[in-house]
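Asker:
In the working numbering, the protein residues as written are 15 to 115.
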């Protein structure tokens, strides 16, 4: 995972990014800006699954297990905004404009 650092705050706000504050004890930014690894929610989810596994993502997002998560996501057809909402709710996220600094 690429962790958010406070020196990225100005650009995060300028680009209207999101900050997930509870990703295994660290902060992660989702932002379409130079220097941000996670340009969109798909980049974040892919790296999260690579680092922590699909079972962990399912548990964090309060699904019974990975199969339940996959079945739900495939059945519902979720769009990018839906996935962002899941991440914001599951990882204590905030929109950058709401952050101090």
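All C-beta atoms, glycine included, are put in the ideal place defined by N, C-alpha and C.
From a predicted model like this one, the values you see are computed outputs, not experimental measurements.
In whole angstroms, what is the alpha-carbon distance linking residue 46 and residue 98?
Answerer: Within the chain shown, the letter at position 32 stands for residue 46. Within the chain shown, the letter at position 84 stands for residue 98. Taking the straight line from one Cα to the other gives about 14 Å.
Asker: Rounded to whole angstroms, how far is the Cβ of residue 27 from the Cβ of residue 113, which I believe are closer than 8 Å?
Answerer: Looking up residue 27 in the chain shown gives position 13. Looking up residue 113 in the chain shown gives position 99. Yes, residue 27 and residue 113 are in contact; Cβ-Cβ is about 7 Å, under 8 Å.
Asker: Report the three-state DSSP secondary structure of residue 70 (helix, strand or coil).
Answerer: Position 56 of the chain shown, counted from the first residue, corresponds to residue 70. DSSP places residue 70 in helix when its eight states are reduced to three.
Asker: State the DSSP-derived secondary structure class of residue 19, mapped to helix, strand or coil.
Answerer: Position 5 of the chain shown, counted from the first residue, corresponds to residue 19. In the structure shown, residue 19 sits in coil (DSSP, three-state: anything other than H, G, I, E or B).
Asker: So residue 33 is in the beta strand (DSSP E); what residue range does that whole segment cover?
Answerer: Translated into the one-based positions of the chain shown, residue 33 becomes position 19. Note, residue 33: beta strand (DSSP E), 32-37.
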